[in-house]
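Under this note's numbering, the sequence shown has 264 at position 255, and the numbering climbs by one with no breaks.
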Amino acid sequence: MKKILVTGGAGFIGSHVVRLFANNYPDYFITNLDVLTYAGNLENITDLEALPNYEFVKGDITDEAFIDELFNSKNFDAVIHLAAESHVDRSILDPMSFVKTNVLGTGVLLNAAKKYWKNKEDKLFYHVSTDEVYGSLGETGFFTEETPYDPRSPYSASKASSDHLVKAYHHTYGLPIVISNCSNNYGSHQFPEKLLPLMINNILHSKPLPVYGKGENVRDWLWVEDHARAIDVIFHTGINGETYNVGGFNEWKNIDIVHLLCNIMDKKLNRVEGESAALITYVKDRAGHDMRYAIDATKLERELGWKPSLQFEEGLDKTIDWYLANDEWISRITSGSYKQYYDQQYTKR
Ligand code: NAD
Ligand code: TYD
């Protein structure tokens, strides 16, 4: 039985990844390691608890002694590393926690893999990263795997550092690795501080919709389950040492996406047309706000046969329905330590 350590599996993308791997591969044993920060929630994965090939372990990737003991006792064959601090606005407020988790935490995991993986041939360290490491685009062009790194926020700089560490362990110690750099994900179970769930939640509760700057920044949106499928494909068929870009070929200006959400939700909530859009509030721009991200994912399609499966409108519809049906989930996840931050950041502007 292949033993796989997934880090950050109680978070947004990680929960979709552990669900896919635990259900689709009964001959793999999945250890889901997560320290359960504000973004990690065991409610995201209650459906997996009864599976015989799955366990949850609470722990911190920056705790060297703990990670050492985990690798020593579990004899992992592979790591899929998603645990991270993931929100740009938080990285602007508190960069050091991003340095700690994303840089130090990745280093601790790499060191344990290097120490315990004596026979490296059949091992794999899969590092899940972001397109934000490439910096910011102008009106044209795409990020390819050859685009030089140019991170510009503390979040993207910490992810770029972790990518470089992963590559350094490959080149220096021969650690088998793959890296994927993905565009913005959307879907169920995303913490409501990121653009889409924040806007959906605020529309539902008739709160102001804070659009940064002029709302003209562009992001490339991918349905989270398509990202999880890409991770599956890359994990099984990706080439050792390679990087794969993952994206939806689906660029949207923020303001256009917010209007689209408003229109769909007016209909779903039986509101008069324009009622939700009246909540749009332009607020102070994010410091160092990257203008445009757009991923060229043709390498992944050409070499490994992956393509996004869902049209954006269909994915958005499913996503909105999930949040409308799970309003209690949002109330619970935002009622703890996050509440204060949320009120301060988003509702009192
Ligand atoms: P998330 O914030 O929803 O979840 C992160 C998870 O990591 C949480 O469950 C949290 O408890 C856990 N975690 C944080 N610090 C930890 C620590 N020290 N030890 C153990 N666990 C810890 O993040 P997400 O959006 O699911 O992103 C997952 C990964 O994918 C991240 O590495 C992120 O950089 C990357 N990524 C995200 C996106 C996106 O659009 N969300 C896009 C591309 C790449
Ligand atoms: P976000 O979801 O934080 O992802 P990222 O910054 O990693 O791309 O933000 C997506 C875009 O939406 C980004 O251009 C910032 C913008 N944004 C707003 O305009 N208002 C908001 O309240 C948030 C959270 C983001």
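Cβ atoms here follow ideal geometry from the backbone N, Cα and C, with glycine treated the same way.
Buried or exposed for Glu141, please, with buried defined as at least 16 other CB atoms from any protein chain shown within 10 angstroms of its CB. Taking the sequence shown and counting its residues from 1, the one referred to as residue 141 is at position 132. Buried, by the Cβ-count rule.
Is Ser95 near the ligand NAD, going by C-beta to nearest heavy atom under 7 Å? On the sequence shown, position 86 is the one that residue 95 refers to. The answer is yes for Ser95.
Is it right to say Asn33 is buried, meaning 16 or more other beta carbons lie within 10 angstroms of its own, or is it exposed? Sequence index remark: in the sequence shown, residue 33 carries index 24 (1-based). Burial call: exposed.
For a test of the three-state rule: what should DSSP assign to Trp331, helix, strand or coil? As a first step, residue 331 must be located in the sequence shown, where it is residue number 322. Three-state DSSP puts Trp331 in a helix.
With C-beta atoms as the reference, is His90 less than 8 Å away from Tyr37? By one-based count along the sequence shown, residue 90 stands at place 81. By one-based count along the sequence shown, residue 37 stands at place 28. Their beta carbons are not under 8 Å apart, which means His90 does not touch Tyr37 by this criterion.
Where DSSP assigns a beta bridge to Pro219, which residues make up the other side? Position 210 of the sequence shown holds residue 219. DSSP lists Thr290 as partners of Pro219.
Verify whether the separation of the beta carbon atoms of Lys316 and Glu154 is less than 8 Å. Locating residue 316 in the sequence shown gives position 307, where the first residue counts as 1. Locating residue 154 in the sequence shown gives position 145, where the first residue counts as 1. No, these two residues do not count as a Cβ contact at 8 Å.
Give the DSSP-derived three-state secondary structure of Asp140 in the structure shown. Counted from its first residue, the sequence shown places residue 140 at position 131. Correct three-state label for Asp140: helix.
Residues in its own chain within less than 8 Å of Leu174 by CB, not counting five upstream and five downstream? The count along the sequence shown starts at 1 and reaches residue 174 at position 165. So the list reads Val112, Thr115, Gly116, Leu119, once near-sequence residues are dropped.
Top-ranked residue by Cα proximity to Phe151, from Val233, Arg301, Ile264: Reading the sequence shown from its first residue, position 142 is the one you call residue 151. Among Val233, Arg301, Ile264, the Cα nearest to that of Phe151 is on Arg301.
Return yes when at least one heavy atom of the ligand NAD lies under 7 Å from the C-beta of Phe200, else no. As a first step, residue 200 must be located in the sequence shown, where it is residue number 191. Phe200 Cβ: within cutoff of the ligand NAD.
Alpha helix (DSSP H) segment containing Thr374, residue limits: Past the boundaries of the shown model lies residue 374; the chain is included only from 10 to 358, so the question cannot be answered.
Three-state secondary structure (DSSP) at Arg301? Numbered from 1 along the sequence shown, position 292 holds the residue referred to as residue 301. Three-state result, Arg301: strand.
Which residue wins for smallest C-alpha separation from Tyr47, given the options Phe85, Thr149, Gly17, Leu79? As a working mapping, residue 47 is identified with position 38 in the sequence shown. Selected option, being the one with the closest Cα: Gly17.
Specify, as a first and last residue, the run of the alpha helix (DSSP H) that Leu79 falls within. Taking the sequence shown and counting its residues from 1, one reaches residue 79 at position 70. Residues 73-83.
Going straight from the alpha carbon of Ile101 to that of Ala296, what length do you get? The count along the sequence shown starts at 1 and reaches residue 101 at position 92. The count along the sequence shown starts at 1 and reaches residue 296 at position 287. Rounded to the nearest angstrom, the two C-alpha atoms are 8 Å apart.
Environment of Asp305 [buried if 16+ CB atoms lie within 10 Å]: Mapped onto the sequence shown, residue 305 falls at position 296. Buried, since its Cβ has 16 or more Cβ neighbours within 10 Å.
For the beta strand (DSSP E) that contains Phe65, what are its first and last residues? In the sequence shown, counting from the first residue as 1, residue 65 sits at position 56. Start and end: 63-67.
Whole angstroms is fine: what's the gap from Glu73's alpha carbon to Ala169's? Here residue 73 is taken as the residue at index 64 of the sequence shown, counted from 1. Here residue 169 is taken as the residue at index 160 of the sequence shown, counted from 1. Taking the straight line joining both Cα atoms gives about 21 Å.
Near Gly20, what residues of its chain come up, given a Cβ to Cβ distance below 6 Å and the 5 sequence neighbours on each side ignored? The count along the sequence shown starts at 1 and reaches residue 20 at position 11. So the list reads Ala48, Gly49, once near-sequence residues are dropped.
For Ser197, the residue or residues it bridges with in DSSP: Here residue 197 corresponds to residue number 188 of the sequence shown, with the count starting at 1. According to DSSP, which records beta bridges pairwise, Ser197 is partnered with nothing at all.
For the alpha helix (DSSP H) containing Asn259, name the first residue and the last one. Here residue 259 is taken as the residue at index 250 of the sequence shown, counted from 1. Neither: Asn259 is in no alpha helix (DSSP H) and is coded neither H nor E.
For Lys12: DSSP bridge partner residues: Along the sequence shown, one-based indexing puts residue 12 at 3. According to DSSP, which records beta bridges pairwise, Lys12 is partnered with Phe38.
Could you check which residue in Ile22, Arg238, Tyr125, Glu148 has the C-alpha nearest to that of Tyr182? Start at 1 with the first residue of the sequence shown, and residue 182 comes out as number 173. Answer by Cα proximity: Tyr125.
Determine the extent of the beta strand (DSSP E) in which His90 is found, giving its start and end residues. Here residue 90 refers to the residue found at position 81 of the sequence shown. Its beta strand (DSSP E) spans residues 87-90.
If you compare alpha carbons, which of Asp98, Arg228, Leu207, Arg161 is closest to Ile342? Counted from its first residue, the sequence shown places residue 342 at position 333. Per the Cα distances, Leu207.
With a threshold of 7 Å on Cβ separation, who are the neighbours of Thr71 within its own chain once the five nearest residues in sequence on each side are excluded? Position 62 of the sequence shown, counted from the first residue, corresponds to residue 71. The answer, listed in chain order, is Lys109, Thr110, Leu113, Gly114, Val117.
Span of the beta strand (DSSP E), counted from its first residue to its last, around Val187: As a working note, residue 187 is residue 178 in the sequence shown. Run containing Val187: 186-191, per the beta strand (DSSP E) assignment.
When every heavy atom of the ligand TYD is checked, does at least one fall within less than 7 Å of the C-beta of His298? Numbered from 1 along the sequence shown, position 289 holds the residue referred to as residue 298. The answer is yes for His298.
Mind checking Ile22: buried by the 16 CB within 10 Å criterion, or exposed? Here residue 22 is taken as the residue at index 13 of the sequence shown, counted from 1. The residue is buried, with at least 16 neighbouring Cβ atoms inside 10 Å.
I'd like to confirm something about Thr55: is its beta-carbon nearer than 7 Å to some heavy atom of the ligand NAD, or not? The residue given as residue 55 occupies position 46 in the sequence shown. Checking every heavy atom of the ligand NAD against the Cβ of Thr55, none is found closer than 7 Å.
Contact set for Tyr164: own chain, Cβ-Cβ below 6 Å, skip 5 residues either direction: For this step, residue 164 is matched to residue 155 along the sequence shown. These residues qualify, in order along the chain: Val97, Ser100, Phe107.
Would you check if the distance between the CB atom of Trp230 and the CB atom of Asn259 is smaller than 8 Å? To locate residue 230, count along the sequence shown from 1; it is residue 221. To locate residue 259, count along the sequence shown from 1; it is residue 250. A contact, by the Cβ cut-off of 8 Å.
Apply the 10 Å Cβ neighbour rule to Ser215 and answer buried if 16 or more other Cβ atoms are within range, or exposed otherwise. The count along the sequence shown starts at 1 and reaches residue 215 at position 206. Ser215 comes out exposed.
With a 10 Å radius around its C-beta and 16 neighbouring C-beta atoms as the bar for buried, classify Arg238 as buried or exposed. Taking the first residue of the sequence shown as 1, we reach residue 238 at position 229. Result: buried.
Tell me whether Arg228 counts as near the ligand TYD, meaning its Cβ is closer than 7 Å to at least one heavy atom of that ligand. In the sequence shown, the residue the question calls residue 228 occupies position 219. Yes, Cβ of Arg228 sits closer than 7 Å to a heavy atom of the ligand TYD.
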